[in-house]
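Protein chains in written order, with our numbering: chain A, 1365 to 1666; chain B, 12 to 329; chain C, 3 to 554. We put the beta carbon where it would ideally sit given N, CA and C, even for glycine.
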């Protein structure tokens, strides 16, 4: 899956005639019913903060060590000893998931942060660079954006073998270009505004204009965009793990847990359902939260 | 002024070709230049230096990188995609066996998802703020963020394990009747469609609402045009560009989605071929598959852009 | 169908802004029109005039609701109709002419299809008849090539033509009531005359009842029989046009009239020192690639000569596309001229920002039209005013603090606004902050680019007054760019008239504006509506009298 999801302006070559209006890259169309998005905001906020807390403190509460074989029963159902059952080797699923969540959330956060730093950083700075340099940087990012994220990850894994730094690098290479594109067009629009021209005729330097006049006005959309990128990266990395090409044993993220236990699917094992649902609730929660936040900002502007 | 429109279309085609060329350069660079040595990898760490050297010469690894890139690229033009390292079969052979299956899966998914998504998007836009819109919004907003393996596992659990209606795996070779065909394709298509429809419906709704908010739709309303006419005659023609983009971008998601779906259902398509190739580090095969996927992606985006150019009255009639 | 009578009683309209509670935006509106009469709704932005006009069609925009009252058109009580009956009414018995015709036409459909759409939806006539009627209306509205103009798309005709096409669209069903919502506001004055004339003739001939929404009293004086003055959704005064103009009863009406007649104030002439401040010789500015002779693809300004003395105000008048804003941008260094020389303080001014010294930056300040975009929304007023003090002067914190407060006093803003961000200010306040920021640099020359045109007339008049006062007190010179002759007349010593990028007339305001020599200047001045009924009939100018371009 790549970052085309719900993000109409992030991927693909945009023709100038297609979208004459400069629309912020907000994930979703406006929804004006306030009671509606209040509800989605609370659902989103609670799901997302739950997983954030699990990632931070979860392993402290793990009843067993992650790799310990604690039960004779494989694919065991929920019991008082093992709240989420046992896996294909008789390990405690709850303990494994508490640790796995840390990898899933942590890796995606790091990768999303790096993507935004690289993408938005270049996006803002290139506005101030000479024309030919701006065009060259754009061409590079345009090329990278034309390689679907999963393709990029697969090609890189096939060449270098999988490792955590490589997965992060693949995610950054796939998602920084989208961030670049959005930040670049935002900065480009802002740079034509009259207050920037006033600053220029005041004799301000490029760095001052970038840092003081442009940057403060693009923080919010860039942060929203980072949230979307976080969701995509969670999906990308768990997808890679699910294929067995992501995080490798003995460590496991939530995607690896689904893969390990896929054999139990025909028995309806909790060991495969639980981690899959965990990823779903994390990404859905984050998506709902971002959506409601960007909606409330739209409404304020009107 | 037809010339300028023609020029625009031509320019768009050229730009796609250049991007494809650059993409091929990136893929080739990652797979054949940076990593240590393919020959060493193929033979393993116990091979003698002489053996490695012989294989290097045989694979042409001693030649300068640009020459190798050129040979690789011209191989695409002639259909010579190299030889699979793991089983020695020609890559083109493997691709030819698998590609039709993937295309069939993609075609079925497209035929089902596009009309459903368009109808859902249009309905939501027309009933903006209503119960239908809010319900659809919540469902699609959740669906776009759901990993496809969750949808797939739940589908298997319900339809194969609990109800026993469908087989858990897709064996294409067993298809001999329409019923069997449906049984094989039901779950993969369902999985792909669920995310795809949600995504396209949202984008269609957004594109349409953009137009419905415009002054000329208000004008149509004040002329007494009924809602259906406002949407179909006024807003929709102006939303063709954005909707075409939405469809193309969503369909390109199929490229990522099939990778998981083909693997999970053991469907013999090109995506599962690629995943196996990555696991075996069969670089020639990986390169070929990656180029096919990237080419398909660029083709979709380009078609959408052409759609947008051709539907823009300012460009069509000067 | 003839015009019918319109009676509005106790009309209330409520709005629910996002995230807030519902409040009343229009309350207790009453008026009555006999068949064939024209009523004008006058008011400034936010006065609720468009909202009231739309309620005549039983329509309220998203977030608004018609909360009470009645609208009676002939025998029909519009607000009690069902959805289907309302739809049958709109575009048939009541039609609408919107402010921005460019936005109100669907870009992807042919003009003819849109003009006759209303007639076809309501089954008034068949396609053939509707086309005939539309072509006839195009002719009456003085549109060029009435037979074929309908085959074009909206982007292929000019703004003035679109506005007349929209009038044809509104009149095709012979409606009982036409609503005109600022139909000429977006047009240049010389185009406005033609459009007004066409509207008036067609409406008189058909005996149409009409509601004319406008902020411009002079325009209303030409077309309306009655006037209703609105402020903040409430009626201030209503009566026949003559009475409102000659004998206004309400203070608010009087302030509107005073703002519309600024020429009654004689500009306080500042004795010019005779010191040359800015001189421009043979300036040419263009965009696009240059050809072999260094001539740009698209020349916006050419052969510009001018001189401003210390403390002098030069007005630059022209319509949209005349290149007047480009002149300010060239002096500011934002666009590089392709030919010519600019001298400032008897020294050559480098063409781009790159070559200018900090002192030159300080001495030339620019103030833009749109107060919304000219102030960075992320910063407070204090920070906005502090920055020029930091860059240009080495001041201590305390000195800066004192200076910022002084500047606020200078532009007559309360100091309590210092810690607000621009979003917390009104349009007029923003423009004052904008001026204060320019004054902070203690400049010799301020480039004013349409500084009052985005403001309501009363607010704009106050800003003009402030500009005049600052000039008297501080001796600052202005390059004052405007499309509005009366603002230039009230502020400037000299005036330059631009037409298609060239100067057609230059000289003292009193001479040029009172005895214009050039055809175009005469037309420009003659096209400005005057505050008396019957001016339109007396006006001899129209678009068809094309002036020639010539340098004086």
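In or out: residue i buried (at least 16 other Cβ within 10 Å) or exposed?
i                      : result
residue 305 (chain B)  : buried
residue 516 (chain C)  : exposed
residue 441 (chain C)  : buried
residue 122 (chain B)  : exposed
residue 1658 (chain A) : buried
residue 1446 (chain A) : buried
residue 19 (chain C)   : exposed
residue 12 (chain C)   : exposed
residue 256 (chain B)  : buried
residue 293 (chain B)  : buried
Which residues mark the beginning and the end of the beta strand (DSSP E) in which residue i is found?
i                     : result
residue 480 (chain C) : 479-484
residue 298 (chain C) : 298-311
residue 215 (chain C) : 211-216
residue 369 (chain C) : 366-369
residue 494 (chain C) : It is not in any beta strand (DSSP E) - residue 494 (chain C) carries neither H nor E in the DSSP assignment.
Please decide whether residue i counts as near chain A, where near means a Cβ-Cβ distance under 7 Å.
i                     : result
residue 267 (chain B) : yes
residue 30 (chain B)  : yes
residue 548 (chain C) : Because the pLDDT at residue 548 (chain C) is just 45, under 50, the model does not fix this residue reliably, and the point stays unresolved.
residue 16 (chain C)  : no
residue 169 (chain B) : no
residue 16 (chain B)  : no
residue 177 (chain C) : no
Say whether chain C places a C-beta atom closer than 7 Å to the C-beta of residue i.
i                      : result
residue 136 (chain B)  : no
residue 216 (chain B)  : no
residue 1669 (chain A) : Outside the modelled stretch of chain A, which goes from 1365 to 1666, sits residue 1669 (chain A), for which no answer is possible.
residue 1569 (chain A) : no
residue 257 (chain B)  : no
residue 1553 (chain A) : no
residue 1584 (chain A) : no
residue 226 (chain B)  : yes
So with CB distances below 8 Å, who are the chain B contacts of residue i?
i                      : result
residue 1536 (chain A) : Near residue 1536 (chain A) there are no residues of chain B at all, since even the closest Cβ is about 14 Å away, more than 8 Å.
Could you tell me which chain A residues have their CB closer than 9 Å to the CB of residue i, listed as they occur along the chain?
i                     : result
residue 288 (chain B) : 1518, 1522
residue 160 (chain B) : 1602, 1603, 1606, 1619, 1622, 1623, 1626, 1640, 1643
What does residue i touch in chain B if you count any residue whose Cβ is under 7 Å from its own?
i                     : result
residue 120 (chain C) : 234, 235
residue 144 (chain C) : Within 7 Å Cβ-Cβ: nothing; residue 144 (chain C) doesn't reach chain B, min ~23 Å.
Closer than 7 Å, CB to CB, is residue i near chain B or not?
i                      : result
residue 1512 (chain A) : yes
residue 1369 (chain A) : Residue confidence for residue 1369 (chain A) is low, a pLDDT of 35 falling below 50, so the modelled location carries little weight; the figure read from the coordinates is stated next. With 7 Å as the cut-off, residue 1369 (chain A) counts as an interface residue toward chain B.
residue 300 (chain C)  : no
residue 157 (chain C)  : yes
residue 93 (chain C)   : yes
residue 1658 (chain A) : no
residue 1397 (chain A) : Annotation note: pLDDT 44 at residue 1397 (chain A) (below 50); position unreliable, no value reported.
residue 214 (chain C)  : no
residue 59 (chain C)   : yes
Residue i versus chain B: which residues are under 9 Å apart at the beta carbon?
i                      : result
residue 1515 (chain A) : 38, 266, 267, 270, 285, 300, 301, 304, 305, 308
Where do the N-terminal and C-terminal ends of the alpha helix (DSSP H) with residue i fall, by residue?
i                     : result
residue 318 (chain B) : 294-322
residue 556 (chain C) : Examination of residue 556 (chain C) is not possible in this model, given that chain C is present from 3 through 554 alone.
residue 555 (chain C) : As shown, chain C starts at 3 and ends at 554. That puts residue 555 (chain C) outside it, with no answer to give.
residue 227 (chain B) : 226-233
Which bits of chain C does residue i rub up against, with CB to CB less than 9 Å?
i                     : result
residue 126 (chain B) : Under the 9 Å cutoff, chain C gives no residues; its nearest Cβ is about 23 Å from residue 126 (chain B).
In chain A, which residues lie less than 7 Å from residue i when you measure between Cβ atoms?
i                     : result
residue 335 (chain C) : 1565
residue 368 (chain C) : 1562, 1565
Residues of chain A with CB closer than 8 Å to the CB of residue i, please, in chain order.
i                     : result
residue 363 (chain C) : 1565, 1566, 1567
Contacting positions in the segment 273-285 of chain B - beta carbon closer than 7 Å to chain A: Listed by position along the chain: 274, 285.
Residues in the segment 370-381 of chain C with C-beta within 7 Å of chain A's C-beta atoms, listed in sequence order? 370, 372, 375, 376, 377, 378, 379, 380
Interface positions of the segment 81-110 of chain B facing chain A (Cβ-Cβ less than 9 Å), listed along the chain: Of all residues in the segment 81-110 of chain B, none has a Cβ within less than 9 Å of some Cβ in chain A.
Got a sec: which bits of the segment 102-132 of chain C sit with their beta carbon under 8 Å from any beta carbon on chain B, in order along the chain? 102, 105, 106, 107, 108, 109, 110, 111, 119, 120, 123, 124
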